[in-house]
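Peer 1: Provided herewith is a single structure, encoded as structure tokens, for subsequent inquiry.
There are 2 protein chains.
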Amino acid sequence: MTVQQRATLDDVARLAGVSAKTVSRVFNQRELVGADTVERVLASAKRLRFRPNTLAQGLRRGGKTNTVGFIMGEFGNPFYYKVASGIERELAAQGHRLVVATTDDTSDGEARVADALLSQRIDALLIIPASHDQSYLEGERQLGTPVIAIDRPALNLAADSVVLENRETVHEATRRLLALGHRRIGYICNPADVWSQTERIAGYRAAMAEAGITDTTAWARLEDDRSVRPERLIRALLEQRDAPTAIIAGNNRMTIAALRVMRELGDGHTALLGFDDFDTADVLDVSVITYDPIELGRRAARLALARMGKANGPTKQLVLPSWIVERGSGERAPAEPGR
Amino acid sequence: MTVQQRATLDDVARLAGVSAKTVSRVFNQRELVGADTVERVLASAKRLRFRPNTLAQGLRRGGKTNTVGFIMGEFGNPFYYKVASGIERELAAQGHRLVVATTDDTSDGEARVADALLSQRIDALLIIPASHDQSYLEGERQLGTPVIAIDRPALNLAADSVVLENRETVHEATRRLLALGHRRIGYICNPADVWSQTERIAGYRAAMAEAGITDTTAWARLEDDRSVRPERLIRALLEQRDAPTAIIAGNNRMTIAALRVMRELGDGHTALLGFDDFDTADVLDVSVITYDPIELGRRAARLALARMGKANGPTKQLVLPSWIVERGSGERAPAEPGR
DNA sequence: GTCGGCAATGTCAACGATGGACATTGCGCG
DNA sequence: CGCGCAATGTCCATCGTTGACATTGCCGAC
Numbered sequence: 011m012t013v014q015q016r017a018t019l020d021d022v023a024r025l026a027g028v029s030a031k032t033v034s035r036v037f038n039q040r041e042l043v044g045a046d047t048v049e050r051v052l053a054s055a056k057r058l059r060f061r062p063n064t065l066a067q068g069l070r071r072g073g074k075t076n077t078v079g080f081i082m083g084e085f086g087n088p089f090y091y092k093v094a095s096g097i098e099r100e101l102a103a104q105g106h107r108l109v110v111a112t113t114d115d116t117s118d119g120e121a122r123v124a125d126a127l128l129s130q131r132i133d134a135l136l137i138i139p140a141s142h143d144q145s146y147l148e149g150e151r152q153l154g155t156p157v158i159a160i161d162r163p164a165l166n167l168a169a170d171s172v173v174l175e176n177r178e179t180v181h182e183a184t185r186r187l188l189a190l191g192h193r194r195i196g197y198i199c200n201p202a203d204v205w206s207q208t209e210r211i212a213g214y215r216a217a218m219a220e221a222g223i224t225d226t227t228a229w230a231r232l233e234d235d236r237s238v239r240p241e242r243l244i245r246a247l248l249e250q251r252d253a254p255t256a257i258i259a260g261n262n263r264m265t266i267a268a269l270r271v272m273r274e275l276g277d278g279h280t281a282l283l284g285f286d287d288f289d290t291a292d293v294l295d296v297s298v299i300t301y302d303p304i305e306l307g308r309r310a311a312r313l314a315l316a317r318m319g320k321a322n323g324p325t326k327q328l329v330l331p332s333w334i335v336e337r338g339s340g341e342r343a344p345a346e347p348g349r
Numbered sequence: 011m012t013v014q015q016r017a018t019l020d021d022v023a024r025l026a027g028v029s030a031k032t033v034s035r036v037f038n039q040r041e042l043v044g045a046d047t048v049e050r051v052l053a054s055a056k057r058l059r060f061r062p063n064t065l066a067q068g069l070r071r072g073g074k075t076n077t078v079g080f081i082m083g084e085f086g087n088p089f090y091y092k093v094a095s096g097i098e099r100e101l102a103a104q105g106h107r108l109v110v111a112t113t114d115d116t117s118d119g120e121a122r123v124a125d126a127l128l129s130q131r132i133d134a135l136l137i138i139p140a141s142h143d144q145s146y147l148e149g150e151r152q153l154g155t156p157v158i159a160i161d162r163p164a165l166n167l168a169a170d171s172v173v174l175e176n177r178e179t180v181h182e183a184t185r186r187l188l189a190l191g192h193r194r195i196g197y198i199c200n201p202a203d204v205w206s207q208t209e210r211i212a213g214y215r216a217a218m219a220e221a222g223i224t225d226t227t228a229w230a231r232l233e234d235d236r237s238v239r240p241e242r243l244i245r246a247l248l249e250q251r252d253a254p255t256a257i258i259a260g261n262n263r264m265t266i267a268a269l270r271v272m273r274e275l276g277d278g279h280t281a282l283l284g285f286d287d288f289d290t291a292d293v294l295d296v297s298v299i300t301y302d303p304i305e306l307g308r309r310a311a312r313l314a315l316a317r318m319g320k321a322n323g324p325t326k327q328l329v330l331p332s333w334i335v336e337r338g339s340g341e342r343a344p345a346e347p348g349r
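Quick note, the sequences are listed as chains F and G, same order. Heads up, my numbering is the position in the first sequence plus 10, with the first residue counted as 1. Heads up, my numbering is the position in the second sequence plus 10, with the first residue counted as 1.
Structural data, given as structure tokens:
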């Protein structure tokens, strides 16, 4: 098995009887080359299976790799994959590629992974911030690599971001539950110390306060320890005295855990509303707050592309809509009228 | 805003008061350099935010980029994300990175995307074959880029592959349904013209034949046209005369579609068994054939790493186990005894 | 006929890191 | 005192491609 050598510009040039530069021209600005020459070069290139070496190109062109990095945390949530998909599509349309890295959800991991990506000379960095400080990216940003935060703003770093209408939609959702007669409304999430959750919680609290309920400590289960199983949190909440008659689940995992626990307890009356949609939500009649994760990725990618190369204007924050989808579980009235 | 220049080896060398060569030594074979010098160099590098230029390194070192490409089709199936996750973890552990690309599930896209990845000079290519011919990769393979097929063997290309025990497990599953008294057992999938499905179908047919049922045309709905909605297929099957008393769904999407349709029809008696597990399968009591997608990715990545650089031995096919998880829906006996 | 001008193509260096082949220090030790 | 070795430096080539600039040759205008 002869391991052939990969063909280079020179090889193609030699075969076509021209100079390397001309071959290079053919592959870039074709208009400067004679039609017959173009043809001859392309034929040679094809015969040799020539492929321009992106490394050399990138080096010569001053570090542009046409590659964008994306750092995401938890692999558990399908939401992130859809975001990645959106990013990938938008980038592909512009001739860029996506490198994905994951952080194992440790803040240490985040910096480490970012470092690995950056030494790849990516043209932009998209990140779902997991740690509580992204200042370690400041240097790189000053060197001209755009950083775009997704789902949450970056902390201690001037980066563009794309986020959701967390507060508003949860506010509205809580209001609807109140209108149904619910008073003991629970909010449950883990981790609770990320921006998206604090926003949602703020919406929840504001609506409760409007209804005169200022103390929600009995029903808000805000856990930060990621090792605590969601099922445990929910079971504790549902089994307590004065259990809530309605629950808002802060994300996908919480919602599914809630379904699991309610089923175990034979609980068919507690109203349930989850943030994030999921595949079988319609089959299970689960009302959710939803949004378009693909669009989230797309917009983030678009922001990155816009930043690339251009002078740096002020930091932008893009807010995408989220909305309520009623499927039954969130429209149940309390069994006993709210006291 | 001063856009600083990125630091190079020379910059670091100048600041540390040593030669570029020494800096290079520090970053590669540290043992040849004095401890204090190492320290001084590292300090300078840190101050200048120096990062060895991977492009230049890769170029110099002959195209090694420490990057592996992964091409996957349909974004709809969460299965692929888990596979990607497995790949990413295994690669990360070995200091490699993952570039992900998607094909929009068109066979044309597959070649185009592969081309884009390959010009990136990836060290290996992992692919879930979507088209019916991967011979276009033959040239690249001969140039030394390992190609590993995931979930399905590559067609017209000598590539390693990692696949599942499709045939055996579906065979066993069908046998169990038969043992419960089912005779009219349906198998439904789309697309049906991919290897993994033909294997599963073969297992199904073999078990049926063992029970003396050689004609399964009335219950096997094998659709190839990807634009046909799964719900339509299933509804047609369930509403026909002599509808099956049990259904095996060929993948995730089919299973969920079946649940949706059965719900609409108020059908609570038809036995259902799905290939691929999903998040809420336990809540919905859905019996499935499952496997470990992360392990699938891991093993594929490991195969790729093993091939990289090494001389090419014979093509390997790795078969990973799949197994049945009983949750209720697949253990229902037929309403009327099989006639 | 000659020269300006332009289209087509070639030459050469440089991008940043690394490796080979040495040369040069300086220190410890026999 | 000089040998040997560790630590470092010099210099140049190299990876594949492209930018800056040079060259060639032909056409048309004067």
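The beta carbon of each residue, even a glycine, is placed where N, CA and C say it ideally should be.
(1) Report the rounded CA-to-CA distance for F/Arg349 versus F/Ala216, giving the unit in angstroms.
(2) Per DSSP, which residues does G/His198 bridge with? Please list them.
(3) Since G/Ser297 contacts G/Glu233 with CB under 8 Å, what's their CB separation in whole angstroms?
(4) Restricting to Cα atoms, I'd like to know which of F/Lys31, F/Ala253, F/Gly323, F/Ile158 is closest to F/Pro344.
(5) Run through DSSP, which three-state label would F/Met264 get?
(6) Could you check whether F/Ala169 and F/Pro156 sit closer than 9 Å to each other, using their CB atoms as the reference points?
(7) What residues from the stretch 49–72 of chain G come within 7 Å of chain F, judged by C-beta to C-beta, listed N to C?
(8) Of all Cβ atoms in chain G, is any one closer than 9 Å to the Cβ of F/Gly338?
(9) Report the residues of the stretch 269–294 of chain G with a CB closer than 8 Å to any CB of chain F, ordered along the chain.
(10) Identify which residue in F/Ala111, F/Arg107, F/Thr112, F/Thr113 has its Cα closest to the Cα of G/Ala111.
(11) What runs of the alpha helix (DSSP H), each 4 residues or longer, lie entirely inside the stretch 34–69 of chain G?
(12) List the whole-angstrom C-beta distance separating G/Ser145 from G/Leu167, where the pair is believed to meet the contact cut-off of C-beta under 8 Å.
(13) Using a threshold of 8 Å, is the CB atom of F/Met82 nearer than that to any non-hydrogen atom of the ligand GTP?
(14) Pull up the distance between the alpha-carbon of G/Tyr214 and that of G/Glu341, whole angstroms please.
(15) DSSP state of F/Ser297, grouped into three classes?
(16) Look up F/Trp333 in the DSSP assignment and give the residues it is bridged to.
(17) Within the chosen definition, does the stretch 66–74 of chain G reach the stretch 92–107 of chain G through at least 3 CB pairs nearer than 8 Å?
(18) Excluding the 5 residues flanking F/Ala17 on each side, which residues of the same chain have their C-beta closer than 7 Å to its C-beta?
(19) Give the DSSP bridge partners of G/Thr112, in chain order.
(20) Compute the Euclidean distance between the alpha carbons of F/Arg131 and F/Leu294, then round it to the nearest angstrom.
(21) Quick check on F/Ser206: does DSSP put it in helix, strand or coil?
(22) Using only the alpha-carbon positions, how far apart do F/Arg162 and F/Trp205 sit?
(23) G/Leu147 touches chain F at which residues, Cβ-Cβ below 7 Å?
(24) Going by other Cβ atoms of all chains shown within 10 Å of its Cβ, with 16 needed for buried, is F/Ala256 buried or exposed?
(25) Pull the bridge partners of G/Phe285 from the DSSP assignment, please.
(26) With H, G and I counted as helix, E and B as strand and the rest as coil, what does DSSP make of G/Val173?
(27) If you drop the 5 nearest sequence neighbours on each side, which residues of the same chain put their C-beta closer than 8 Å to that of G/Pro347?
(28) Determine the burial state of G/Ala246: buried for a count of at least 16 other Cβ atoms within 10 Å of its Cβ, exposed for fewer.
(29) Apply the 10 Å Cβ neighbour rule to G/Arg40 and answer buried if 16 or more other Cβ atoms are within range, or exposed otherwise.
(30) Counting contacts by CB-CB distance shorter than 9 Å, is G/Asp252 in contact with chain F?
(31) Drop a sphere of 10 angstroms on the beta-carbon of F/Asp46, count the other beta-carbons inside from all chains shown, and report buried for 16 or more, exposed for fewer.
(32) Among G/Gly276, G/Ile211, G/Tyr197, G/Met218, which residue has its Cα nearest to the Cα of G/Pro240?
(33) Express the C-alpha separation of F/Glu49 and G/Gly154 in angstroms, rounding to a whole number.
(34) Using 8 Å as the Cβ pair cut-off and three pairs as the minimum, do the stretch 278–291 of chain G and the stretch 319–330 of chain G touch?
(35) Starting from the C-beta of F/Met11, find all residues in its chain whose C-beta is less than 8 Å away, skip the five residues before and the five after it, and write them out in chain order.
(36) Excluding the 5 residues flanking G/Pro139 on each side, which residues of the same chain have their C-beta closer than 7 Å to its C-beta?
Peer 2: Put simply:
(1) Caution applies to F/Arg349, whose pLDDT of 43 falls short of 50 and renders its modelled position unreliable; the model cannot decide the point.
(2) Before going further, note that residue 198 of chain G is Ile rather than His in the sequence given. Paired residue(s): G/Arg231, G/Ala259.
(3) At roughly 23 Å, the Cβ-Cβ gap does not stay under 8 Å, so G/Ser297 and G/Glu233 are not in contact.
(4) Taking F/Pro344 as reference, the option from F/Lys31, F/Ala253, F/Gly323, F/Ile158 with the minimal CA-CA separation is F/Ala253.
(5) F/Met264 sits in a helix when the DSSP states are folded into three classes.
(6) It is a contact, given that the beta carbons lie within the stated cut-off.
(7) Answer in chain order: Arg59, Arg61, Pro62, Asn63, Thr64, Leu65, Ala66, Gly68, Leu69.
(8) Cβ-Cβ to chain G under 9 Å: no for F/Gly338.
(9) Listed in sequence order: Leu269, Arg270, Arg273, Phe288, Asp289, Thr290, Asp292, Val293, Leu294.
(10) Ranking the options by Cα distance to G/Ala111, first place goes to F/Arg107.
(11) If you keep only unbroken alpha helix (DSSP H) runs of at least 4 residues inside the stretch 34–69 of chain G, you get 45–57.
(12) The beta carbons of G/Ser145 and G/Leu167 sit about 6 Å from each other, so the pair counts as a contact at 8 Å.
(13) By its list of ligands, the structure shown contains no ligand whatsoever, and the ligand GTP lies outside what it can speak to.
(14) Going by the C-alpha atoms only, they are around 17 Å apart.
(15) Reduced to three states, the DSSP call for F/Ser297 is strand.
(16) Assignment of beta-bridge partners to F/Trp333 by DSSP yields F/Thr300.
(17) With a cut-off of 8 Å, the stretch 92–107 of chain G and the stretch 66–74 of chain G do not count as touching, because too few Cβ pairs lie within range.
(18) The answer, listed in chain order, is Leu58, Arg59, Phe60.
(19) Under DSSP, G/Thr112 takes part in a beta bridge, and its partners are G/Met82.
(20) One C-alpha to the other measures close to 46 Å.
(21) For F/Ser206, the three-state secondary structure derived from DSSP is helix.
(22) Between F/Arg162 and F/Trp205, the C-alpha separation is close to 6 Å.
(23) Against chain F, a Cβ distance below 7 Å from G/Leu147 picks out nothing, because the smallest value is about 11 Å.
(24) Buried, by the Cβ-count rule.
(25) Per DSSP, G/Ile299.
(26) Three-state result, G/Val173: strand.
(27) Note that G/Pro347 has pLDDT 49, beneath the 50 cutoff, so the model's placement of it is unreliable and the number below is only indicative. The residues are Gly191.
(28) Exposed is the call here.
(29) Residue burial is scored here from C-beta neighbours: G/Arg40 has fewer than 16 other C-beta atoms within 10 angstroms and is therefore classed as exposed.
(30) Answer no: the Cβ-Cβ gap between G/Asp252 and chain F never drops below 9 Å.
(31) Answer is exposed; the Cβ neighbour count stays below 16.
(32) The option with the nearest alpha carbon to G/Pro240 is G/Tyr197.
(33) Looking at the two C-alpha atoms, the distance is approximately 28 Å.
(34) The stretch 278–291 of chain G is not in contact with the stretch 319–330 of chain G.
(35) With a pLDDT of only 39 at F/Met11, under the threshold of 50, the placement of this residue in the model should not be trusted; the figure read from the coordinates follows. There are no such residues.
(36) Hits under 7 Å: Ala159, Arg162, Ala164, Leu165.
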